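Comments concern the structure below.
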Amino acid sequence: MAGTQRYLRYIIFALVCLILLFFISSSSVPSRPWQEGKPQDVQPGTPPITPNTQHELPPATAPGERMNATFVTLARNSDIWEISRSIRQVEDRFNRKFNYDWVFLNDDDFNDEFIKVTTSLVSGKTKYGKIPKEHWSFPEFIDQDRAARVREEMKEKKIIYGDSISYRHMCRYESGFFFRHPLMLDYEWYWRVEPSIELFCDINYDTFKFMADNKKKYSFVLSLYEYVETIPTLWDAVKNFTAAHPEHIVKDNSMAFLSDDDGKNYNHCHFWSNFEIGNLNWLRSPAYIDYFTSLDHAGGFFYERWGDAPVHSIAAALMLRKDEIHFFNDIAYYHVPFTHCPTGESTRLNLKCHCNPKDNFDWNGYSCTNRYFDINGMTKPEGYEKEQ
Ligand SMILES: Nc1nc2c(ncn2[C@@H]2O[C@H](COP(=O)(O)OP(=O)(O)O)[C@@H](O)[C@H]2O)c(=O)[nH]1
Ligand SMILES: [Mg+2]
1 MAGTQRYLRY IIFALVCLIL LFFISSSSVP SRPWQEGKPQ DVQPGTPPIT PNTQHELPPA
61 TAPGERMNAT FVTLARNSDI WEISRSIRQV EDRFNRKFNY DWVFLNDDDF NDEFIKVTTS
121 LVSGKTKYGK IPKEHWSFPE FIDQDRAARV REEMKEKKII YGDSISYRHM CRYESGFFFR
181 HPLMLDYEWY WRVEPSIELF CDINYDTFKF MADNKKKYSF VLSLYEYVET IPTLWDAVKN
241 FTAAHPEHIV KDNSMAFLSD DDGKNYNHCH FWSNFEIGNL NWLRSPAYID YFTSLDHAGG
301 FFYERWGDAP VHSIAAALML RKDEIHFFND IAYYHVPFTH CPTGESTRLN LKCHCNPKDN
361 FDWNGYSCTN RYFDINGMTK PEGYEKEQ
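Heads up: the sequence shown at position 326 corresponds to 326 in this note's numbering, and the numbers run straight through without jumps.
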């Protein structure tokens, strides 16, 4: 019995050695190296295999100094999963390399779940602020009955957010207060992020540093015409402001972006402010504060439904020099229902973009980006005609 067991052990040992030898010899057979840039030989009937020649991994964190900058998001606790999607995209495409802070603002207290989830997603520091009541309520000079009547009328006309009070507080807050929140006072630069946005391309450089190095103060990726029904008297209020404060209007401005008759009428073009990278000191400047205060007293945030997009855009177009506004062609972006997908295949491939170029809104007749290029004497990217 003992002899049989010994034989069995020898046989098992020999088998294990044979198997090991087999694996060692097959792994030492040199395999065919990748051929740079050329597909492998293809056997008939098998799909081609394309080697990825850009396989070096980028460094986990970009070297160099950081700017005094933060992301900023206005959100409700109920926005948690929609903002998580946005954060994940911003982190994957940009911030995992730069680790900038993120400030969250809310008219209510953020709950533990919102704080826990968003903190886990952001690679920089996260800060949570409550908006003071006086920045999210009707100012004393607003006639609340008149405001209520307008909401009723707008509801009947089915104007989007026409009957919403909170949407109006939100637009007024984004227009005049977010940059003055105590948490924002620590920073010079901001990047606004909303729930459910998408970023489609890698951003391999520090966009805040780009803004500073190139003396930019405001930027955009999408532009379009505003719904006229929401801003019938906005341009009158702007004209009152410019008449009272001509000193705030700069010489080489972008009036031609806003008006086709040198300022008489507004053409409703604006930069879409759900994406913005900008300079907070500009928004905190006497020029911008005078502008906001003047518009606020005109009452249109409540008697109409002025959005922060035309409010910011008109300010940028009149109170900044043309060359202080930047169009980020390389930041591919979606916010329902519009997409900015960079024109130019080489840009899209280099930046590993996953947007469909057919979805690009830039050269659509309802976009104002064409006009922005024209008034700045900029050459449109190759291939733009095919996207019109
Ligand atoms: N805290 C808070 N945030 C809001 C409220 N309404 C909208 N927001 C935020 O304000 C931004 C714009 O609102 P959104 O619903 O995206 O408007 P839209 O993009 O114009 O359709 C988003 O970041 C929202 O999360 C609100 O009542 N309270
Ligand atoms: Mg939104």
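Where is the CB? At the ideal position from N, CA and C, for every residue including glycine. Since this is a predicted model, take the numbers as computed values, not measurements.
Could you tell me the distance, in whole angstroms, from the CA atom of Lys157 to the CA atom of Ala287?
Taking the straight line joining both Cα atoms gives about 36 Å.
Between the C-alpha atoms of Gly383 and Glu345, what's the straight-line distance to the nearest angstrom?
Each residue's Cα considered, the two are about 9 Å apart.
Excluding the five sequence neighbours on either side, which residues of its own chain have a C-beta within less than 6 Å of the C-beta of Pro30, listed in chain order?
Low local confidence applies: a pLDDT of 37 at Pro30 is under 50, so the model's placement there is unreliable, with the coordinate-based value given in what follows. Cβ neighbours of Pro30 beyond the five flanking positions: none.
Apply the 10 Å Cβ neighbour rule to Ser148 and answer buried if 16 or more other Cβ atoms are within range, or exposed otherwise.
What sits at residue 148 in the sequence shown is Ala, not Ser. So Ala148 ends up on the exposed side.
Among Ile197, Pro195, Arg180, which one has its Cα closest to the Cα of Trp189?
Arg180
Where does Pro113 sit, in a helix, a strand or coil, going by DSSP?
One detail in the question is off: residue 113 reads as Glu in this sequence, not Pro. Correct three-state label for Glu113: helix.
Judging by CA-CA distance, which residue of Gly64, Phe94, Asn106 is the nearest neighbour of Ser78?
Asn106
Give the range of the alpha helix (DSSP H) segment to which Ala316 is assigned.
Note, Ala316: alpha helix (DSSP H), 308-319.
Every unbroken alpha helix (DSSP H) within the segment 140-227, with a cutoff of 4 residues, ordered by chain:
144-156, 165-176, 207-213
Please confirm whether any heavy atom of ligand 2 lies closer than 6 Å to the CB of Asn409.
Examination of residue 409 is not possible in this model, given that the chain is present from 1 through 388 alone.
How do the segment 206-220 and the segment 66-81 stand: do at least 3 beta-carbon pairs fall below 8 Å, yes or no?
Three or more Cβ pairs closer than 8 Å define a contact, and the segment 206-220 meets that threshold against the segment 66-81.
Would you call Leu280 buried or exposed, if buried means 16 or more other Cβ atoms sit within 10 Å of its Cβ?
buried
Which whole-angstrom value describes the C-beta separation of Ile389 and Tyr334, a residue pair presumed to lie in contact below a C-beta threshold of 8 Å?
Since the displayed the chain opens at 1 and closes at 388, residue 389 lies outside it and no answer follows.
Beta-carbon proximity list for Ser123, same chain, < 7 Å, skipping 5 on both sides:
Glu91, Asn95, Arg96, Asn99
Under 6 Å Cβ to Cβ from Cys201, same chain only, skipping five residues before and after it: list those, please.
Ala332, Leu351, Cys353
Return the residue from the list Glu113, Ala62, Thr118, Phe71 that minimises the CA-CA distance to Ile83.
Thr118
With 7 Å as the threshold, decide whether the Cβ of Arg149 is near any Cβ in chain D.
You won't find chain D in this structure, because it holds only one protein chain.
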